[in-house]
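Working notes, structure below.
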Amino acid sequence: MSYFHSVTLDKDRCRGCTNCIKRCPTEAIRVRDGKAMIINERCIDCGECIRVCPYHAKLAVTDSLDTMKNFKYKIALPAPSLYGQFRDLTINQILSALLDIGFDEVFEVAYAAEIVSKFTREALAKGNLKKPVISSACPAVVRFVQIKFPSLIDNLLDICSPMDTAAILAKKEAIKKTGLKQEEIGVFFISPCAAKVTSVKNPIGIEKSKIDGVFSMKEIYGLIIEKAKTTVVRDLSKASMIGVGWANSGGEAFGTFTENSIYVDGIHNVGDVLEEIELGKLNDLDFFEGLACIGGCIGGPLAVENNFVAKNRIRKLTEKLPKREEPLFDEKEIDFGEVKWKKKIEKSEVMKLDKDISKALEMMKQIDTQYKALPGLDCGSCGSPTCRALAEDIMKGYATEYDCIFILKDKIKNLAQELNDLAGKIPPVLSEGKE
Amino acid sequence: MGLLVEVVNEMVLYSLDFDVKARDFDSAGEVSSNLRSVLKQLSLNPDVVRRSCIACYEAEMNIIIHSYGGHMEIEIFGDKIRITAEDTGPGIEDIELAMKEGYSTAPEEIREMGFGAGMGLPNMKENSDFMDIKSSKNGTTVVMEILFK
């Protein structure tokens with residue numbers, strides 16, 4: 019099955035260094051023939067490799083702004099994190115500038131986030147979900163759970179993310195307002211990350227996303243700054259402190275109003291805590307918010323501003339917003355059934371060696387033997403992230419033990435020694451009369 | 353044929369073993385972490401993986417907290433996992449009492465670290481399909497099995 023990924027490689031820029039392979043949380047990258055190669059099925063689109071690549075060879079594929087032209091009525095869905103990107107723009111200035119870029123309407127994802135917070139509180143109160151309930155707002159974390167923590171799939175909050183909720187609401191409202199057909203209305207998410215792009219193409223928990231395109235925050239950034247200079251500021255901001263708060267890590271957890279919640283950012287940290295959850299050590303916890311990027315969505319690989327600066331800005335912006343606990347929305351606008359997941363989340367089998375247990379264990383033994391022969395330095399020079407991963411790659415036939423420079427060096431040393439020894443051995447027929 | 357299958361299933365296909373040091377909280381969880389990475393590569397029910405890791409983790413913690421040190425062996429069969437945790441130490445005085453949730457003999461300083469809540473043995477029992485404890489004044493041996501249902 020071919021699986022779309024937003025995170026891709028620019029081969030021309032890649033120098034074949036080993037920075038990305040060492041940081042990938044699912045060991046999904048190898049360097050082969052001097053270039054990085056992403057193992058598609060393992061990639062969760064967290065964007066760690068985009069951040070760490072010194073040559074900017076890792077890209078997040080987003081939709082072209084031209085996609086807008088295919089629709090009669092265009093709606094921008096700015097992620098809450100967009101508000102933290104600009105030095106002195108207010109939320110209304112940013113939203114007004116978006117209209118000047120060519121959108122007919124803006125629908126704040128932060129507003130939908132408030133509604134998701136409300137539904138989350140209701141779901142937690144009902145208590146039907148396995149505890150701790152794990153947030154499903156970060157698609158990279160959901161994929162991470164599928165691949166590495168399949169026993170926690172049932173803990174995932176089975177509600178659409180604010181992005182998908184916003185798309186449902188925005189389309190419904192626009193159909194009512196304009197009388198246009200669903201296909202004539204284009205809904206575009208302005209994203210801080212690659213994982214959201216992938217989650218639109220390969221939806222989580224739903225058959226099809228209502229999003230028609232995902233634009234990179236980086237691409238829109240310059241346009242907003244330019245338009246903001248001349249824009250007529252309109253009063254468009256309607257999201258509350260809780261909704262905009264989702265931009266930072268902890269925002270979603272705050273919106274659950276449960277004291278027994280924790281939030282963790284950075285995909286490696288998320289993995290550590292998921293491990294604790296799987297061991298049953300955090301059973302007394304009600305809610306777990308895990309976000310792949312440091313700082314939360316404001317730390318996304320497509321965000322422009324430094325995440326710590328942006329975090330503080332979001333904090334300052336939210337202080338001025340209404341502090342209401344319940345969202346403003348009309349109950350008739352959307353009901354719980356519309357945002358509830360319709361599709362079961364499947365576990366991923368990509369880490370499995372073989373379907374047959376005894377075959378898989380036989381392979382494991384071969385890997386163990388191979389691993390013992392490797393130096394255990396995890397240097398990455400072979401193009402695999404660790405010695406263990408190289409041992410696995412060798413067993414699978416994707417690499418050879420001479421890809422390890424230390425084994426190769428040893429081999430050369432022995433060969434040289436042998437050559438030297440041989441050179442000293444002059445055949446008897448030649449040594450005669452040579453004096 | 354039926355018999356042959358049974359014999360095949362009784363064969364240890366893969367094993368792991370570890371020494372566990374008393375009071376070595378720095379390496380706490382390493383055994384279960386290793387077990388997890390092995391099991392994740394097999395086509396097993398995620399619940400079997402989770403239960404095996406919990407049972408293994410609790411046994412590992414018990415050796416660290418209560419014994420003078422011990423040894424753990426994990427054997428994987430065609431149809432189950434067997435975890436054997438063996439230690440030298442004071443042993444468990446009253447096994448029945450120790451199996452009660454919340455009963456703990458862990459010293460105060462260990463409880464302050466967030467361990468020794470008296471859930472170790474009950475968790476091991478709950479997460480395994482078979483469990484046997486033998487204990488004397490010289491040490492304890494716990495054997496647990498988790499079936500690949």
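First to last, the sequence lines map onto chains C and L.
Going by our numbering, the first residue of the first sequence is number 19, and it counts up by one from there.
Going by our numbering, the first residue of the second sequence is number 353, and it counts up by one from there.
We put the CB at the ideal spot given by N, CA and C, even for glycine.
Amino acids of chain C, ordered along the chain, whose beta-carbon sits closer than 8 Å to that of residue i
i                      : result
residue 399 of chain L : 169
residue 475 of chain L : 298
Residue i versus residue j - alpha carbon distance
i                      : j                      : result
residue 290 of chain C : residue 408 of chain L : 18 Å
residue 444 of chain L : residue 494 of chain L : 11 Å
residue 436 of chain C : residue 425 of chain C : 16 Å
residue 186 of chain C : residue 233 of chain C : 18 Å
residue 419 of chain C : residue 119 of chain C : 55 Å
residue 174 of chain C : residue 97 of chain C  : 22 Å
residue 6 of chain C   : residue 399 of chain L : Any property of residue 6 of chain C remains undetermined from this structure, which presents chain C solely from 19 to 453.
residue 354 of chain L : residue 363 of chain L : Reliability of the predicted coordinates at residue 354 of chain L is poor, the pLDDT of 46 falling under 50, and the value obtained from them is presented with this limitation in mind. Distance between the alpha carbons of residue 354 of chain L and residue 363 of chain L is about 15 Å.
residue 365 of chain L : residue 453 of chain L : 34 Å
residue 25 of chain C  : residue 76 of chain C  : 7 Å
residue 19 of chain C  : residue 64 of chain C  : Residue placement at residue 19 of chain C is flagged as unreliable, the pLDDT there being 43, under the threshold of 50; a coordinate-derived value is accordingly withheld.
residue 101 of chain C : residue 298 of chain C : 38 Å
residue 395 of chain C : residue 385 of chain C : 16 Å
residue 109 of chain C : residue 321 of chain C : 16 Å
residue 165 of chain C : residue 285 of chain C : 13 Å
residue 407 of chain C : residue 45 of chain C  : 8 Å
Under 7 Å from the C-beta of residue i: neighbouring residues of chain L
i                      : result
residue 296 of chain C : 402 and 405
residue 382 of chain C : 366, 390 and 393
residue 222 of chain C : Within chain L, no residue comes near residue 222 of chain C; the closest Cβ sits about 18 Å away, beyond 7 Å.
Residue i in three-state terms, based on DSSP
i                      : result
residue 276 of chain C : coil
residue 155 of chain C : coil
residue 96 of chain C  : strand
residue 429 of chain C : helix
residue 483 of chain L : strand
residue 231 of chain C : strand
residue 375 of chain L : coil
residue 281 of chain C : strand
residue 437 of chain L : strand
residue 495 of chain L : strand
residue 91 of chain C  : strand
residue 26 of chain C  : strand
residue 353 of chain L : At residue 353 of chain L, the pLDDT of 42 sits below 50, so the modelled position is not reliable; the number obtained from the coordinates is stated separately. Correct three-state label for residue 353 of chain L: coil.
residue 413 of chain C : helix
residue 86 of chain C  : helix
Within chain C, the residues that residue i reaches when beta carbons sit closer than 9 Å
i                      : result
residue 409 of chain L : 297, 298 and 299
Beta-carbon neighbours of residue i, restricted to chain L and to distances below 9 Å
i                      : result
residue 366 of chain C : By Cβ distance, chain L contributes nothing, its closest Cβ being about 11 Å from residue 366 of chain C, past 9 Å.
residue 408 of chain C : Per Cβ cutoff of 9 Å: no residues; residue 408 of chain C is ~15 Å from chain L at best.
residue 413 of chain C : None at all; the shortest Cβ gap to chain L is about 11 Å.
C-beta neighbour in chain C for residue i, strict 9 Å
i                      : result
residue 462 of chain L : no
residue 428 of chain L : yes
residue 370 of chain L : no
residue 480 of chain L : no
residue 456 of chain L : no
residue 384 of chain L : yes
residue 353 of chain L : Because the pLDDT of residue 353 of chain L is 42, which lies under 50, any placement of that residue in the model is unreliable, and the question is left without a value.
residue 468 of chain L : no
residue 381 of chain L : yes
residue 377 of chain L : no
Beta-carbon neighbours of residue i, restricted to chain L and to distances below 8 Å
i                      : result
residue 378 of chain C : 393, 394 and 395
residue 371 of chain C : 393 and 394
C-beta neighbour in chain L for residue i, strict 9 Å
i                      : result
residue 40 of chain C  : no
residue 19 of chain C  : With a pLDDT of 43 at residue 19 of chain C, under the threshold of 50, the predicted position of this residue should be treated as unreliable, though the coordinate-derived value follows. For residue 19 of chain C, the answer is no, since every Cβ of chain L falls outside 9 Å of its Cβ.
residue 150 of chain C : no
residue 374 of chain C : yes
residue 12 of chain C  : Residue coverage of chain C in this structure runs from 19 to 453, which leaves residue 12 of chain C outside it and unanswerable.
residue 166 of chain C : yes
Open item on the list: Taking 8 Å as the cut-off, does the segment 96-108 of chain C touch the segment 51-63 of chain C (at least 3 CB pairs, one atom from each stretch)?
Closed with: Taking a contact to require three or more Cβ pairs closer than 8 Å, the segment 51-63 of chain C and the segment 96-108 of chain C do not qualify as touching.
Open item on the list: Taking 8 Å as the cut-off, does the segment 146-165 of chain C touch the segment 191-203 of chain C (at least 3 CB pairs, one atom from each stretch)?
Closed with: With a cut-off of 8 Å on Cβ pairs, the segment 191-203 of chain C is not in contact with the segment 146-165 of chain C, counting fewer than three such pairs.
Open item on the list: So, does the segment 134-144 of chain C touch the segment 239-254 of chain C, judging by three or more C-beta pairs under 8 Å?
Closed with: Touching, no.
TODO: Say whether the segment 267-287 of chain C touches the segment 347-364 of chain C, bearing in mind that this needs 3 or more beta-carbon pairs closer than 8 Å, one atom from each stretch.
DONE: Touching, no, given that fewer than three Cβ pairs across the two stretches are closer than 8 Å.
- [ ] For the segment 144-151 of chain C and the segment 302-319 of chain C, state whether three or more C-beta atom pairs, one from each stretch, are separated by less than 8 Å.
- [x] A contact exists between the segment 144-151 of chain C and the segment 302-319 of chain C.
Open item on the list: Assess contact between the segment 339-347 of chain C and the segment 235-246 of chain C, defined as three or more Cβ pairs (one per stretch) separated by less than 8 Å. Is contact present?
Closed with: In short, these stretches do not touch, since the Cβ pair count stays below three.
Open item on the list: Can you confirm whether the segment 424-434 of chain L touches the segment 368-384 of chain L when touching is taken to mean that 3 or more C-beta pairs between the two stretches lie within less than 8 Å?
Closed with: These segments touch.
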